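Beneath this line is the structure, given in structure tokens, with notes to follow.
Numbering (this note's numbering), first residue to last: 123 to 311.
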């Protein structure tokens, strides 16, 4: 799997895609102003759109599912990145969805799955993923640090999902550069 991962072209940069696109003039104009980006309209919304066929709580979401067409629609309408479920049992995802979507869009593609082992990071890269999701709630601190390092070594970014202040603190301490807040707690649903 490591050889397949190494054979992939360089990953697209999720972190760069998520950064606000501001001109030098707007940066200079705002240098002395209040730093509230939303109030000053200095930032654009960055959206990671999700390709998901089913969920454990809602069942089948899309009986007539065309993941590539959906991803292309998202990208054509401004999605910064595409998140693709690859977990087959609960979400009816597939690695083939990720590979096909990667070939069809120019924005970064994120593998969304329950990643708990470094093999899954290499697997994601071999399938063409530019980034992966790590869920803080299911990882010990040392696992989180290790998976962040393995992904970094593959030149991939990680979106680390948190559900609480404590998880956010753990994630920052582990060195994550992209943190997502999910309002659905995995314990209580």
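Glycine included, every Cβ here is placed at the ideal spot set by N, Cα and C. All values reported here derive from a predicted model rather than from experimental measurement.
Residue i versus the options, residue with shortest Cα-Cα distance
{"i": "residue 255", "options": "248, 176, 262, 280", "result": "280"}
{"i": "residue 306", "options": "259, 242, 239", "result": "259"}
{"i": "residue 214", "options": "202, 133, 223, 184", "result": "184"}
Where residue i falls: helix, strand or coil (DSSP)
{"i": "residue 305", "result": "coil"}
{"i": "residue 224", "result": "helix"}
{"i": "residue 295", "result": "helix"}
{"i": "residue 149", "result": "Per-residue confidence for residue 149 stands at a pLDDT of 47, beneath the threshold of 50, marking its modelled position as unreliable; the derived number appears in the next sentence. Note: residue 149 maps to helix in three-state DSSP."}
{"i": "residue 129", "result": "helix"}
{"i": "residue 164", "result": "Bear in mind that the predicted position of residue 164 carries a pLDDT of just 47, short of 50, making it too unreliable to give a figure here."}
Terminal residues of the alpha helix (DSSP H) in which residue i lies
{"i": "residue 266", "result": "263-275"}
{"i": "residue 245", "result": "240-248"}
{"i": "residue 190", "result": "189-198"}
{"i": "residue 214", "result": "Premise fails: residue 214 is in no alpha helix (DSSP H) and is neither H nor E."}
{"i": "residue 251", "result": "Run containing residue 251: none; DSSP gives neither H nor E here."}
Cross-strand partners of residue i (DSSP beta bridge)
{"i": "residue 177", "result": "181"}
{"i": "residue 257", "result": "283"}
{"i": "residue 300", "result": "281"}
{"i": "residue 170", "result": "203"}
Residue i, enclosing beta strand (DSSP E) - first and last residue
{"i": "residue 203", "result": "203-207"}
{"i": "residue 232", "result": "231-234"}
Residue-chain proximity (residue i, chain B), Cβ-Cβ < 8 Å
{"i": "residue 128", "result": "Absence of chain B from the displayed structure is noted, only one protein chain being present."}
Stretch pair the stretch 262-280 + the stretch 132-139: three plus CB contacts closer than 8 Å: yes
Contact between the stretch 293-303 and the stretch 238-248 (3+ Cβ pairs under 8 Å): Taking 8 Å as the limit for Cβ pairs, the verdict is that the stretch 238-248 does not touch the stretch 293-303.
Meets three-Cβ-pair contact criterion under 8 Å: the stretch 196-204 and the stretch 235-245: no
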